[in-house]
Structure formats: C-alpha cells, structure tokens
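Data first, discussion second: the structure below is written as structure tokens.
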Amino acid sequence: GAGVSQTPSNKVTEKGKYVELRCDPISGHTALYWYRQSLGQGPEFLIYFQGTGAADDSGLPNDRFFAVRPEGSVSTLKIQRTERGDSAVYLCASSRGLAGGTDTQYFGPGTRLTVL
Amino acid sequence: AQSVTQLDSQVPVFEEAPVELRCNYSSSVSVYLFWYVQYPNQGLQLLLKYLSGSTLVKGINGFEAEFNKSQTSFHLRKPSVHISDTAEYFCAVSSPTDSWGKLQFGAGTQVVVTP
C-alpha cells in the first residue's frame, strides 16, 4: 500500500478484556516498530521486528503485551487483561531496515485504545 | 541510554514570523537526531534528520535544524511560518549502539500559528 495502515482506528474495551491491534506496513519494508503514545507525551518504544523476529522487545511494559509478525509483513499487537492504564494511541511504523538504524521510519495514523 | 528534552510544551507564533523549537538530548555515545511533525488527525511525518557530516540540516517545508554537540542540542527553526505549520513537533534520538532505529522521543512542542 501507499502507507502504513492500522486497524481499527478506534477501539473501546472493558477492563480485563483481550484486544488485538493490527498493522500493515509499507510493502517491502523489513523493519516494523510499535510505539505507544499517552496523552500529552511523546511516543514510547515498545517493540521492533526485523523480518519475522522480534529484534528488541525491551519496551513492552509487562507480559500482558505480546506482538507477532508471522510472515514478515503484517503485525499484531496483543494485549491481555487490559487495564485502564493501557489507554493510549498505539502507533506502528515501518522502514526499509537499513543497517545502523539510519533509515526513515514511516508512521501509521495509530489506533486509539480506550479501556473503560 | 539517552533521553530527550523539549523545553517548550507550547509555542504560539504569528503567521510569517520565525519560530525556533528547542531540543536537548543526553547521551554518553554518538547519536542520530530526528524531528517529526504530527498534523491534526495524521501520523507522524519526518521533517529532517542528522546522521553525520554537516551540522546544519535542511528538511521539508522550509525547516532546518542545527546539531550542536558541545551543547547537546538540535534546535529546529523556520524563518517564516504559515498557518498550515500548526502541528505538534517531536524531537527524537537513536543511537547506533542501541537497537536499530529504536527512537526515544521528547514530549513534543505544540506550535499554534495565528494570523
């Protein structure tokens, strides 16, 4: 596609429920990133994929958060037992995956998650 | 580890006036520096980036930034703003010694341009 797409654009759920957020990267981009942006703050790194593997998941806040990218393209961020503090905009980005992290990350519009 | 401080949370500016957005970083290693812009209801878009070489970096939409290693700063400037420059601006840093492309963002500066 022309850009990074994320679905759904908005998700409202109840505390304790399970949610999945989807990211479709730019075609041909091998690197994919998830960030979380809380109100009034900058994006916070969660996890980074190079191909199918998670190269760095150091930003995942706890074991309720998990992400996959089984075929090296689409990625799904999964949150179990959601808590009100998980409410935020979840951003996905992709890049060509050039060595050394010099390439540009292209961001999607985000998924706004609200946990009631 | 590195961190980013954007000194102004909001900057009001009149149309056709210059604007400067301040960004300071802390890091014990060399870094790459970025400025992203987020227009209302849109995703983050790269304005410019510093990787190496000339310390004055020119970006899109007439923006430029200067890398100052001694002051650990990467301030963004535009000599004459338009109404359409109203947006939130984020400074970010990554390190070649850290995981590739893992960006550390500042809290953002909201620019409001009025006629």
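Which chain is which? The protein sequence lines are A and B, in order.
Going from the first sequence to this note's numbering is simple: count from 1 and add 4.
Going from the second sequence to this note's numbering is simple: count from 1 and add 216.
Glycine included, each C-beta is placed from N, C-alpha and C at the ideal position.
Nearest-angstrom Cα separation, counted from residue j out to residue i
{"i": "D224(B)", "j": "W251(B)", "result": "15 Å"}
{"i": "I276(B)", "j": "K21(A)", "result": "42 Å"}
{"i": "H33(A)", "j": "N14(A)", "result": "25 Å"}
{"i": "F377(B)", "j": "Y110(A)", "result": "Coverage of chain B is limited to positions 217 through 331, which leaves residue 377(B) absent and any answer about it impossible."}
{"i": "G44(A)", "j": "I51(A)", "result": "21 Å"}
{"i": "N66(A)", "j": "V327(B)", "result": "34 Å"}
{"i": "D107(A)", "j": "L249(B)", "result": "12 Å"}
{"i": "P74(A)", "j": "P295(B)", "result": "47 Å"}
{"i": "L127(A)", "j": "T56(A)", "result": "Within the shown structure, residues of chain A are numbered from 5 to 120, placing residue 127(A) beyond reach of any answer."}
{"i": "A59(A)", "j": "D90(A)", "result": "23 Å"}
{"i": "S243(B)", "j": "L319(B)", "result": "13 Å"}
{"i": "I299(B)", "j": "F279(B)", "result": "14 Å"}
{"i": "R293(B)", "j": "L260(B)", "result": "18 Å"}
{"i": "L267(B)", "j": "Y305(B)", "result": "19 Å"}
{"i": "Y241(B)", "j": "T288(B)", "result": "6 Å"}
{"i": "E48(A)", "j": "Q41(A)", "result": "6 Å"}
{"i": "R238(B)", "j": "G46(A)", "result": "15 Å"}
{"i": "V235(B)", "j": "P331(B)", "result": "14 Å"}
{"i": "G114(A)", "j": "V253(B)", "result": "14 Å"}
{"i": "F290(B)", "j": "V220(B)", "result": "10 Å"}
{"i": "A281(B)", "j": "V273(B)", "result": "5 Å"}
Per-residue DSSP class, three states only, for residue i
{"i": "S62(A)", "result": "coil"}
{"i": "G57(A)", "result": "strand"}
{"i": "I276(B)", "result": "helix"}
{"i": "S268(B)", "result": "coil"}
{"i": "R100(A)", "result": "coil"}
{"i": "S219(B)", "result": "strand"}
{"i": "S310(B)", "result": "strand"}
Residues bridged to residue i (per DSSP)
{"i": "K294(B)", "result": "V235(B)"}
{"i": "S289(B)", "result": "N240(B) and N284(B)"}
{"i": "V227(B)", "result": "V327(B)"}
{"i": "V245(B)", "result": "Beta-bridge pairing links V245(B) to no other residue."}
{"i": "Y255(B)", "result": "DSSP, once it has assigned bridges, lists no residue as partnering Y255(B)."}
{"i": "R116(A)", "result": "N14(A) and V93(A)"}
{"i": "Q320(B)", "result": "V309(B)"}
{"i": "L262(B)", "result": "Y252(B)"}
Chain C within 8 Å of residue i, Cβ atoms only
{"i": "G259(B)", "result": "As a matter of chain content, chain C is missing from the structure shown, whose protein chains are A and B."}
Cβ separation of residue i and residue j, assumed to be a contact under 8 Å, to the nearest whole Å
{"i": "R68(A)", "j": "R88(A)", "result": "Between R88(A) and R68(A) the Cβ distance is about 13 Å, and since that is not below 8 Å, they are no contact."}
{"i": "L120(A)", "j": "L81(A)", "result": "Actually they are not in contact, since the Cβ atoms of L120(A) and L81(A) sit about 19 Å apart, beyond 8 Å."}
{"i": "V8(A)", "j": "A97(A)", "result": "6 Å"}
{"i": "Y94(A)", "j": "L64(A)", "result": "That belief does not hold up - the Cβ atoms of Y94(A) and L64(A) are roughly 12 Å apart, past 8 Å."}
{"i": "V229(B)", "j": "S311(B)", "result": "Actually they are not in contact, since the Cβ atoms of V229(B) and S311(B) sit about 32 Å apart, beyond 8 Å."}
Within the segment 7-86 of chain A, ranges of the beta strand (DSSP E) (whole runs, at least 3 residues): 9-11, 14-17, 23-28, 35-41, 48-54, 57-60, 69-72 and 79-83
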